[in-house]
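J.:
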Amino acid sequence: MPLDRKLLVAFLLFFSVLGFSQKSSSTENAQNIKIDSLLLKGAMAMDQANFDEAVVKFKEAESLSKKSKNSSSVAISNQLLGKIYFERGETEFAANYILNAIKLHQELQDLNNLGQDYLIYSQILIKTGNSAKALPFLENAELIFSNSRDDDSRTLLATAYLYEGNILQELKNNQEALLKYQEALSILQKVKVKNHYLLGRVNLQEGRVNYNLNQFTKSLEFANRAYDISLSKNFPQIEVDALALLSKIYNKIQDYEKAYVNLALYNQKKQTYFGDLNSEVRETAIKNALLSSINPEDFDPGKRVQANKITTVLIIALFTILCLLALSLYKNNNLRAKANELLQAKNAELVIAKENAEKASIVKAQFLSTITHELRTPMYAVTGLTHLLLSENPTEEQKKHLDSLKFSGEYLLSLINNILDLNKLEADKVEVEQATFNLRKRVDDVLFALERSAQEKGNKLNLEYDNEIPEQIIGDPLMISQILINLIGNGNKFTRDGDIFIRIKQLSHNETQTYLHFEVEDTGEGISKKKQKDIFQNFTQGSVQINRKFGGTGLGLSIVKRLLTLQKSNIELESTLGKGSKFFFDIKYGLAKSKNNEPEERVYEIDYEALKGRKLLVVEDNKINQMITRKILEKNEMECEVADNGEIAIEKVRFDNFDLVLMDIHMPGISGIEATQKIREFNKDVPILALTAVTIDENIDDFYLAGFNDIIPKPYKVEEFFFKIHNALKRKNVIL
1 MPLDRKLLVA
11 FLLFFSVLGF
21 SQKSSSTENA
31 QNIKIDSLLL
41 KGAMAMDQAN
51 FDEAVVKFKE
61 AESLSKKSKN
71 SSSVAISNQL
81 LGKIYFERGE
91 TEFAANYILN
101 AIKLHQELQD
111 LNNLGQDYLI
121 YSQILIKTGN
131 SAKALPFLEN
141 AELIFSNSRD
151 DDSRTLLATA
161 YLYEGNILQE
171 LKNNQEALLK
181 YQEALSILQK
191 VKVKNHYLLG
201 RVNLQEGRVN
211 YNLNQFTKSL
221 EFANRAYDIS
231 LSKNFPQIEV
241 DALALLSKIY
251 NKIQDYEKAY
261 VNLALYNQKK
271 QTYFGDLNSE
281 VRETAIKNAL
291 LSSINPEDFD
301 PGKRVQANKI
311 TTVLIIALFT
321 ILCLLALSLY
331 KNNNLRAKAN
341 ELLQAKNAEL
351 VIAKENAEKA
361 SIVKAQFLST
371 ITHELRTPMY
381 AVTGLTHLLL
391 SENPTEEQKK
401 HLDSLKFSGE
411 YLLSLINNIL
421 DLNKLEADKV
431 EVEQATFNLR
441 KRVDDVLFAL
451 ERSAQEKGNK
461 LNLEYDNEIP
471 EQIIGDPLMI
481 SQILINLIGN
491 GNKFTRDGDI
501 FIRIKQLSHN
511 ETQTYLHFEV
521 EDTGEGISKK
531 KQKDIFQNFT
541 QGSVQINRKF
551 GGTGLGLSIV
561 KRLLTLQKSN
571 IELESTLGKG
581 SKFFFDIKYG
591 LAKSKNNEPE
601 ERVYEIDYEA
611 LKGRKLLVVE
621 DNKINQMITR
631 KILEKNEMEC
641 EVADNGEIAI
651 EKVRFDNFDL
661 VLMDIHMPGI
671 SGIEATQKIR
681 EFNKDVPILA
691 LTAVTIDENI
701 DDFYLAGFND
711 IIPKPYKVEE
721 FFFKIHNALK
731 RKNVIL
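For what it's worth, UniProt numbering labels the leading residue of the sequence shown as 1, then goes sequentially.
(1) Thinking C-alpha only, which one of Tyr-163, Val-209 and Asp-150 is nearest Val-193?
(2) Does DSSP classify Ala-435 as helix, strand or coil?
(3) What did DSSP end up calling Glu-719 once you bin it into helix, strand or coil?
(4) Where Leu-557 and Lys-631 are concerned, what is the direct C-alpha to C-alpha distance, given to the nearest angstrom?
(5) For Tyr-465 versus Val-443, is the C-beta spacing smaller than 8 Å?
(6) Does the separation of the CB atoms of Glu-60 and Val-74 fall below 8 Å?
(7) What would DSSP say about Ile-535, mapped onto helix, strand or coil?
(8) Who are the Cβ neighbours of Thr-128 in its own chain at under 6 Å, not counting the five residues just before and after it?
(9) Thinking just about the alpha-carbon of each residue, which of Val-619, Leu-342, Gln-189 and Ser-481 is nearest to the one in Phe-407?
(10) Using a 10 Å radius around the Cβ and a threshold of 16 neighbouring Cβ atoms, would you call Tyr-163 buried or exposed?
(11) In angstroms with no decimal places, state the Cα-to-Cα distance between Lys-533 and Asp-644.
(12) At the level of alpha carbons, what is the spacing between Glu-170 and Ala-339?
(13) Once you ignore the five residues that flank His-726 on each side, which residues in its own chain have a CB closer than 6 Å to its CB?
(14) Per DSSP, what are the beta-bridge partners of Leu-388 in this structure?
(15) Below 8 Å, can you find three or more Cβ-Cβ pairs linking the region 568–577 to the region 450–459?
(16) Apart from the five residues just before and just after Leu-633, which ones in its own chain have a Cβ nearer than 7 Å to its Cβ?
(17) Taking the beta carbon of Tyr-121 as the centre, do at least 16 other beta carbons fall within 10 Å, making it buried, or is it exposed?
(18) My output table needs one value for Asn-645: the three-state DSSP class, helix, strand or coil.
(19) What does the alpha-carbon distance come out to for the pair Glu-392 and Pro-715?
(20) Using the Cβ count rule (16 or more neighbours within 10 Å means buried), how would you classify Val-313?
(21) Tell me where the alpha helix (DSSP H) around Met-479 begins and ends.
(22) Where in the region 606–660 do unbroken runs of the alpha helix (DSSP H), each at least 4 residues long, occur, reported from the N-terminal end onward?
(23) Taking DSSP's pairing of strands, which residues face Lys-460 in a bridge?
(24) Taking 7 Å as the limit between beta carbons, can you name the residues of its chain near Leu-135, skipping five residues before and five after?
(25) Which value, in whole angstroms, describes the spacing of the CA atoms of Ser-232 and Met-44?
(26) Assuming Ala-242 and Ala-223 make a contact with CB atoms under 8 Å, what is their CB distance in whole Å?
(27) On the three-state DSSP scale, how would you describe Leu-516?
(28) Helix, strand or coil for Gly-590? Go by DSSP, reduced to three states.
(29) Just to confirm the assignment: which complete alpha helix (DSSP H) runs, minimum length 4, are found wholly within the region 151–186?
(30) Give every residue of the same chain whose Cβ lies closer than 6 Å to the Cβ of Leu-463, excluding the five residues on either side of it in the sequence, and list them in chain order.
(31) Under the rule that 16 or more other beta-carbon atoms within 10 Å means buried, what is Arg-304, buried or exposed?
(32) Can you give me the C-alpha to C-alpha distance between Gln-189 and Ala-160, rounded to a whole angstrom?
(33) For Glu-431, which of Pro-477, Asn-112 and Phe-319 has the nearest alpha-carbon?
(34) What's the gap between the Cα of Arg-208 and the Cα of Gln-175?
(35) How about Val-202 and Ala-184: do their beta carbons lie closer than 8 Å?
(36) With DSSP as the reference, identify every bridge partner of Ile-725, one or two as the case may be.
Right, dumping it as structure tokens:
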């Protein structure tokens with residue numbers, strides 16, 4: 001990998017000055033002055049590509065430094081000799097010198113120079129095919145340079161990121177390589193003194209890695225940047241490499257004319273910069289030399305052809321057969337060797353892909369677990385405070401808004417449970433609930449929740465609801481709410497000063513089922529025919545311009561499609577660009593035998609009088625959650641004490657009598673699981689319920705093994721909360 005000569009000279013001049021500044025007591029010492037002078041002369045010779053003279057100067061400086069026992073100058077001399085031998089391609093000598101420099105700089109604790117030694121040695125390892133071994137040296141160099149804020153160190157840090165990115169790309173870790181290139185580019189753009197060669201090389205490599213990731217638009221952007229830098233700063237190698245990459249990109253995106261133009265320019269420039277311009281002249285000279293060695297008098301074709309005709313034919317035939325046989329063997333061997341190489345490469349790729357997939361799966365699971373917990377915690381505050389406000393005799397207007405807030409909380413909780421848990425959704429493990437609900441009320445709640453945002457954009461929501469639809473139907477109420485919110489919200493997003501029509505009608509019915517048709521139509525932007533087939537994919541919107549103009553993640557329609565698939569339905573689309581879009585689908589719902597058949601009614605089968613006066617311990621580190629839980633319990637005239645963490649909870653249970661413990665899981669210090677295990681060592685009887693925002697589907701057995709009696713996921717419905725407390729106390733005979 002070529003070094004930037006201007007950077008090298010600046011680097012060497014820096015060390016020359018450093019030599020003087022670090023030896024204030026030796027400035028009058030002729031020997032030390034001569035060493036510095038030799039180093040500077042060697043640097044200047046190296047910049048002029050006079051490598052032989054540079055080697056002589058650096059070796060003289062090394063010899064003189066050893067005699068004067070100047071370890072710092074010996075180390076710098078070795079470092080420079082390592083650089084120059086690397087430039088000349090003599091990697092064995094380069095490695096010996098740079099390893100000596102590393103040893104000396106480690107002894108001297110000269111971190112700046114040591115970082116550069118690591119950088120040079122990593123280049124040598126890369127050059128000799130030991131890229132994987134170079135990674136630790138690059139990481140050490142990065143650690144050293146990252147602790148310094150001057151431009152030189154920042155530029156060297158960017159160089160280390162570039163080399164590491166190249167190795168990762170070689171190892172097929174394209175995503176990790178891309179991160180390294182982005183870090184390098186960010187640094188190089190911020191430093192005051194620009195290193196244009198590194199900028200060009202980083203842009204080129206970022207173009208290559210985006211090409212490998214099939215991000216052809218980004219790849220084209222970075223390739224063009226590299227090409228522009230190469231032209232403005234006269235970097236032939238980058239220019240040729242950028243042209244080759246541009247040709248590949250245009251070929252991939254089927255712009256064959258530009259692909260051909262760049263390929264032709266690549267061949268031309270490659271020949272101009274690196275080809276043998278005198279090959280034709282040399283060929284002529286060789287031909288003339290051959291002709292001059294022939295004596296014309298000894299060569300009479302007319303006489304010799306007749307005499308040797310049969311011999312010539314046999315020789316030609318034999319030679320042809322031998323050539324064909326040799327060619328056949330050569331091709332067969334090549335094919336076999338290539339097949340073996342391909343199989344080995346594919347096996348290696350599969351092993352790496354498997355390892356990367358396993359790592360990605362672990363990271364994804366950790367992310368989902370963390371984000372689910374972090375979202376459920378504030379949602380507990382939203383639902384809990386909503387319940388408290390509803391129980392404090394709000395006005396009719398306030399009650400209307402609180403009902404809407406409660407509905408939105410349920411919707412967000414549904415997102416947390418069914419959307420953020422991507423593993424379950426993608427594996428079709430999300431279960432469709434079968435509950436009795438009032439569809440008209442659900443639709444009215446959705447419209448009320450979205451009315452304000454529609455008014456802000458000057459839009460009108462129009463509902464056409466078939467009155468023949470039964471009042472009570474059986475299905476998943478949260479799913480239909482989620483579907484309608486996404487579709488109506490999507491229409492509102494892309495419509496301004498227009499109308500959004502929501503049409504729901506009954507197609508057919510019998511004694512047990514009703515078949516309903518849903519439509520959501522807007523008068524907004526519309527979707528082009530080309531984009532309609534992709535609009536239901538993850539993170540997809542009609543165009544980049546639409547994304548920038550209207551925002552959003554592009555997940556809404558993908559979620560709608562998945563939820564309808566779970567309910568054995570399918571979303572369909574009719575749209576005209578500039579006129580609007582219509583989404584429609586059909587769903588079968590069951591019919592309820594009675595209007596009061598909702599499963600939620602079971603939570604009211606609670607003896608609230610028996611709960612009054614019961615003493616509970618709430619173990620919770622979040623102050624808002626403490627306040628909400630305490631108020632909910634005290635409104636039912638129950639006694640409540642609070643413990644901020646697991647250690648306090650253990651001591652309170654040890655020295656006081658509680659009828660029941662509500663235990664959070666994630667807390668500072670020991671976790672709720674550990675606290676429960678310790679409590680069970682001295683108290684086997686007190687009911688302990690896990691009041692947690694942790695996703696428990698995969699590890700529910702761990703909770704029961706730890707000693708919990710039941711689990712209440714946060715956020716919860718208050719009736720279900722008391723239902724589980726009541727059952728736990730009843731099972732332990734605390735209440736009858």
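Using N, Cα and C, we set each Cβ at its ideal position, and we do this for glycine too. The structure presented is a predicted model; accordingly, all values stated were derived computationally and were not measured.
T.: Reading it off the structure:
(1) Among Tyr-163, Val-209 and Asp-150, the Cα nearest to that of Val-193 is on Asp-150.
(2) DSSP places Ala-435 in strand when its eight states are reduced to three.
(3) If DSSP states are grouped into helix, strand and coil, Glu-719 belongs with the helices.
(4) Distance between the alpha carbons of Leu-557 and Lys-631 is about 40 Å.
(5) In this structure, Tyr-465 places its C-beta atom within 8 Å of the C-beta atom of Val-443.
(6) Not in contact: Glu-60 and Val-74 (Cβ atoms no closer than 8 Å).
(7) Looking at Ile-535 - three-state DSSP - the assignment turns out to be coil, as it is neither helix nor strand.
(8) Excluding residues up to 5 positions away in sequence, Thr-91 lie with their Cβ nearer than 6 Å to the Cβ of Thr-128 in the same chain.
(9) The residue among Val-619, Leu-342, Gln-189 and Ser-481 with its C-alpha nearest the C-alpha of Phe-407 is Ser-481.
(10) Tyr-163 should be labelled buried.
(11) Each residue's Cα considered, the two are about 53 Å apart.
(12) Each residue's Cα considered, the two are about 20 Å apart.
(13) Once the five neighbours on either side are set aside, the close Cβ partners of His-726 are Ile-606.
(14) Partner(s): none; Leu-388 has no beta bridge.
(15) Contact between the region 568–577 and the region 450–459 is absent, because fewer than three Cβ pairs lie under 8 Å.
(16) Within the same chain, and ignoring the five residues on either side of Leu-633 in sequence, the residues whose Cβ sits closer than 7 Å to its Cβ are Leu-616 and Cys-640.
(17) Tyr-121 should be labelled buried.
(18) Assignment of Asn-645 by DSSP, reduced to helix, strand and coil, places it in the coil class.
(19) Taking the CA atoms as reference points, Glu-392 sits about 20 Å from Pro-715.
(20) Result: exposed.
(21) Element bounds for Met-479: 477–493.
(22) Within the region 606–660, the complete alpha helix (DSSP H) runs of at least 4 residues are 608–611, 623–635 and 646–655.
(23) Looking at the DSSP output, Lys-460 bridges to Asp-499.
(24) The answer, listed in chain order, is Glu-164 and Ile-167.
(25) It is roughly 25 Å from the alpha-carbon of Ser-232 to the alpha-carbon of Met-44.
(26) Going by Cβ atoms, the distance from Ala-242 to Ala-223 rounds to 5 Å, so yes, they are a contact pair.
(27) If DSSP states are grouped into helix, strand and coil, Leu-516 belongs with the strands.
(28) Three-state result, Gly-590: strand.
(29) Counting whole runs of 4 or more residues, the region 151–186 contains the alpha helix (DSSP H) stretches 151–170.
(30) Hits under 6 Å: Ile-502.
(31) Note on Arg-304: pLDDT 39, under 50, position unreliable in the model; the coordinate value appears next. Looking at its Cβ environment, which holds fewer than 16 other Cβ atoms inside 10 Å, Arg-304 is exposed.
(32) Near 16 Å, if we compare the C-alpha coordinates of Ala-160 and Gln-189.
(33) The closest CA to that of Glu-431, considering only Pro-477, Asn-112 and Phe-319, is found on Pro-477.
(34) Rounded to the nearest angstrom, the gap between the Cα atoms of Arg-208 and Gln-175 is 12 Å.
(35) Their beta carbons are under 8 Å apart, which means Val-202 touches Ala-184 by this criterion.
(36) DSSP lists no partner for Ile-725.
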